[in-house]
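Residue numbers (my numbering): 5 to 466.
We treat Cβ as the ideally placed atom computed from N, Cα and C, and that holds for glycine.
All of these numbers come straight from a predicted model, not from anything done at the bench.
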């Protein structure tokens, strides 16, 4: 036994040395290179594509851009045939679990955390195959899925996780069934809380605990329910949720960790209270007035908006009725926010209807009601990336996103044709996204299907 103990101790002492040798050996090898040749670049900000050029990806970053760029002998060279190379799409408002499951599935006694994980993993892969290389998940059980994506267990986009939403009793995140009573009075957590969907937290101390619990698990930002919602049974749209002190507690706890609070809210009253409490982002806001939008500009508060479609036939009648005034007023808010210069982000916010998830890209095309194709693509790449960057050091991924630029992270799409002239190309990712690259790795590759006649080959001076 003493000999075995000595051998074990010696091995443990040598572990740091072994790891350092392995790391040094790994560092000696050149990172993989991919050279995109004959591509026209949408850099995430410009109103025009570049002239035909080359883009070199080394490891997980863009190393160089220009017609004279060359790569090492082991590099893979992709002939772009004059197609568009652009940043990966970013959805700033998703619920990977809640969009993967219907409401009957979510409330079914048969639902287990493992089944929820499997469903959300399938949706994460489908989202990546639609060209979304980064998403902000603003509520729900997400940490295990994000860890699996990071570890390579599941293919999926980069995830900025919020974790469980933080809601007051009878708030938008109070998803208790009629038979479930208050945890505070009766000691039983609700099923939604056990699933990691929400924290029902009342009073400053409970809000602080809920926020810190999410941060403990790796939340990159905090999602607080500040007003009524359409998918919750207990709260009319017009109600204001959380007192100033409760909301301020959440902001203080998030700021202490170097990140921010975003709030679910529609009405001017709820949003003004959130601004006063120091909230940095408002999600939704379709009932905003001009005065509150002007204040958002003054206080540098972001508005993360969606383009909601008319309710589907199988939607719950209560939810359909609550959505109607929001849908009717949203064109006015998009127009006012654009004209006033509000910092805008875009997301989809699909919930409980897995059958509509494949419409995600079509919702980008719907932005043409207020933006040119170039402006719309800037919104869903560069601008959304700026919102993600608000997480600061709590961001799970350090580096620039949303642009095609030297030293930026290599999240890229090779798109057949020119989406700045025809935004509809984005709505058909299966056909038109020839390459989907995330973090320098290619997840979709249709280059074998390219033909010389598809687009005239462009010669680049070398």
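query                                                                                                                                                                                             : result
According to the Cβ coordinates, are residue 88 and residue 70 closer than 9 Å?                                                                                                                   : no
Check whether the Cβ atoms of residue 293 and residue 308 sit closer than 9 Å, and answer yes or no.                                                                                              : no
Could you tell me which residues DSSP pairs with residue 40 in its beta bridges?                                                                                                                  : 59, 82
Are there three or more Cβ pairs, one per stretch, closer than 8 Å when the region 148–162 is compared with the region 124–132?                                                                   : yes
Helix, strand or coil, according to DSSP, for residue 231 in the structure here?                                                                                                                  : strand
Do residue 436 and residue 421 have their C-beta atoms closer together than 9 Å?                                                                                                                  : yes
Just the C-alpha distance for residue 373 and residue 237, rounded to the nearest angstrom, thanks.                                                                                               : 32 Å
With a threshold of 16 other CB atoms inside 10 Å of the CB of residue 198, please say whether the residue is buried or exposed.                                                                  : exposed
Could you check whether the region 382–394 touches the region 336–352, counting it as contact only if at least three pairs of C-beta atoms, one from each stretch, sit closer than 8 Å?           : yes
Between residue 398 and residue 98, what straight-line distance do the alpha-carbon atoms span, to the nearest angstrom?                                                                          : 19 Å
Between residue 371 and the rest of its own chain, which residues show a CB-CB distance below 6 Å, the 5 nearest in sequence each way excluded?                                                   : 380
Buried or exposed for residue 407, please, with buried defined as at least 16 other CB atoms from any protein chain shown within 10 angstroms of its CB.                                          : buried
Going by beta-carbon coordinates alone, are residue 253 and residue 215 separated by less than 9 Å?                                                                                               : yes
Applying the 10 Å Cβ sphere with the 16-neighbour rule, what's the burial state of residue 325?                                                                                                   : exposed
On the DSSP letters alone, give me the boundaries of the beta strand (DSSP E) that residue 308 sits inside.                                                                                       : 306–309
Considering only residues of the same chain and omitting the five flanking positions on each side of residue 60, which have a CB-CB separation below 6 Å?                                         : 39, 67, 68, 73, 75
Between the alpha carbons of residue 440 and residue 53, how many angstroms are there, rounded?                                                                                                   : 19 Å
Where does the unbroken beta strand (DSSP E) through residue 171 begin, and where does it stop?                                                                                                   : 169–171
Short of 7 Å in beta carbon distance, which residues of its chain neighbour residue 165, apart from the five on each side in sequence? Order them along the chain.                                : 141, 146, 147, 150, 222, 223, 224
Need the endpoints of the beta strand (DSSP E) that residue 385 sits in, please.                                                                                                                  : It is not in any beta strand (DSSP E) - residue 385 carries neither H nor E in the DSSP assignment.
Evaluate residue 322 with the Cβ neighbour count: other Cβ atoms within 10 Å of its Cβ, from every protein chain shown; 16 or more gives buried, anything less gives exposed.                     : exposed
Roughly how far, in whole angstroms, is the beta-carbon of residue 239 from the beta-carbon of residue 176, given that I think they are within contact range, below 8 Å?                          : 6 Å
Here's the rule: buried if 16 or more other CB atoms are within 10 angstroms of the residue's CB, otherwise exposed. What is residue 466?                                                         : Annotation note: pLDDT 25 at residue 466 (below 50); position unreliable, no value reported.
Going along the chain, which residues of its own chain have a beta-carbon closer than 7 Å to the beta-carbon of residue 212, five neighbours each way excluded?                                   : 253, 257
Could you tell me which uninterrupted alpha helix (DSSP H) segments, each at least 4 residues in length, are contained entirely in the region 312–382, listed from first to last along the chain? : 321–344, 366–369, 377–382
Am I right that residue 170 and residue 226 are in contact with their C-beta atoms under 8 Å? What's the rounded C-beta distance?                                                                 : 7 Å
Alpha carbon to alpha carbon, what distance is there between residue 446 and residue 208?                                                                                                         : 46 Å
Roughly how many angstroms lie between the CA atoms of residue 382 and residue 401, to the nearest whole one?                                                                                     : 21 Å
Taking DSSP as the reference, what is the three-state secondary structure of residue 439?                                                                                                         : strand
Hey, which unbroken runs of the alpha helix (DSSP H) at 4 residues or more fall wholly within the region 217–280?                                                                                 : 248–260
Determine the DSSP secondary structure at residue 423, reduced to helix, strand or coil.                                                                                                          : coil
Three-state secondary structure (DSSP) at residue 133?                                                                                                                                            : helix
How close, in whole Å, do the beta carbons of residue 281 and residue 300 come, if the pair is a contact with beta carbons under 8 Å?                                                             : Contact flag wrong, Cβ pair sits at about 14 Å.
If we call anything under 9 Å between Cβ atoms a contact, is residue 442 one with residue 415?                                                                                                    : yes
Specify, as a first and last residue, the run of the beta strand (DSSP E) that residue 203 falls within.                                                                                          : 202–204
Measure the C-alpha to C-alpha separation of residue 444 and residue 104 and round it to an integer number of angstroms.                                                                          : 27 Å
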